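Chemist:
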Amino acid sequence: MKDLIRSIILWILILTLTVFLSLFILILSIFRAQNWIHNIATLWGTIIAFLSGTEIEVVGKEKIYKDGPVVILSNHQSMFDIIIFYSILNIQFRWMAKSSLFKIPVGGWAMSAAGYIPVERDDPKKAKKSLFSAAQKIKNGASVILFPEGTRGKEDGKMLPFKKGGFVLAKLAGVTIQPVTIWGANKAIPKQKGKWIQRFYKTLVQVHIHDPIPPSEVKEMKQEELSNRIRETLETPMSKMKLRQEVEDSIGVYVN
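Residue numbers for the sequence shown follow our numbering, so the first one is 369 and each next one is one higher.
(1) Grab me the residues of Thr410's own chain with a C-beta within less than 6 Å of its C-beta, minus the 5 sequence neighbours each way, in chain order.
(2) Phe392 lies in the beta strand (DSSP E); which residues open and close that run?
(3) Apart from the five residues just before and just after Ser498, which ones in its own chain have a Cβ nearer than 7 Å to its Cβ?
(4) Using only CA atoms, which one of Met589, Ala556, Asn407 lies nearest to Ala417?
(5) With distance defined between alpha-carbon atoms, name the residue in Val439, Lys370, Glu592 nearest to Pro583.
(6) Got a sec, what are the start and stop residues for the alpha helix (DSSP H) Leu611 sits in?
(7) Given this structure, state the Cα-to-Cα distance separating Leu540 from Ser618, to the nearest angstrom.
(8) Start and end of the alpha helix (DSSP H) containing Ala510?
(9) Looking only at DSSP bridge pairs, what is Lys539 linked to?
(10) Under a three-way DSSP split, which group does Leu457 fall into?
(11) With a CB to CB cut of under 6 Å and the five nearest residues on each side skipped, what residues in its chain are close to Val427?
(12) With DSSP run on the structure shown, which of helix, strand or coil describes Glu423?
(13) Apart from the five residues just before and just after Gln546, which ones in its own chain have a Cβ nearer than 6 Å to its Cβ?
(14) On the DSSP bridge list, what partners appear for Ser442?
(15) With a threshold of 6 Å on Cβ separation, who are the neighbours of Gln560 within its own chain once the five nearest residues in sequence on each side are excluded?
(16) Please state the DSSP three-state secondary structure of Ile565.
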């Protein structure tokens with residue numbers, strides 16, 4: 369019951385914050401100020417991360433690539449992943465997300481105004497077109513974050529098989545790739561089918577930012593080889609991260 373009450377209060381605060389910041393986005397969208405709109409989204413995510421009470425621990429933050437556009441590839445555990453990236457990255461980036469999310473009132477409209485890229489999953493021709501659109505944006509200087517799994521992974525945190533789209537995009541764009549491993553986000557906002565409100569839980573979320581892969585290496589690798597390398601890189605720290613979280617949970621560091 370305690371976590372339910374806390375989640376209700378948190379959702380009220382989130383909705384209030386979203387509506388308030390959307391007023392600024394409305395004004396900025398007139399001037400097509402996408403970078404400023406993204407900055408507001410970053411503020412939104414940072415505030416929510418703080419209010420959630422979840423500790424976000426980052427390893428390798430100094431490795432974040434800042435010398436040009438980059439394709440960030442990450443495993444996908446939870447809705448909380450989005451909040452994590454807003455709160456830890458101090459670079460301009462754009463999301464690639466399924467087109468249905470752009471139809472959500474306020475949030476979807478804000479995504480469009482920020483220049484985020486819709487992906488038509490059910491239409492191969494439109495999906496291909498969205499990849500070319502994303503590649504062009506990257507070549508023009510925009511960094512992109514996407515989840516190769518295409519959706520949230522397994523409930524135990526393990527990854528699903530990768531889709532091809534992210535690696536096609538990486539090859540098309542011809543820019544640096546940065547793998548990022550997330551662990552614990554599935555505990556912060558787990559999958560909650562049948563619940564009338566998605567509950568937040570206090571926990572430890574660990575983020576491991578890996579060394580960037582330069583364009584020269586990306587170019588030399590075949591698509592399947594690149595996919596295998598990214599999966600291996602993302603999986604490498606997971607066992608250690610899982611053990612750390614289990615220890616923290618067992619001694620009751622995070623109490624809802």
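We treat Cβ as the ideally placed atom computed from N, Cα and C, and that holds for glycine.
Quick caveat: nothing in here was measured; it's all calculated off a predicted structure.
Modeler: Result, derived from the coordinates:
(1) Tyr454
(2) Where Phe392 is concerned, there is no enclosing beta strand (DSSP E), although the alpha helix (DSSP H) it sits in stretches over 370-398.
(3) Ile485, Pro486, Val487, Glu488
(4) Ala556
(5) Val439
(6) 606-618
(7) 46 Å
(8) Element bounds for Ala510: n/a, residue is neither H nor E.
(9) Lys539 is not bridged to any residue.
(10) coil
(11) His576
(12) strand
(13) Tyr433, Val438, Ile440, Pro580
(14) Val548
(15) Gln566
(16) coil
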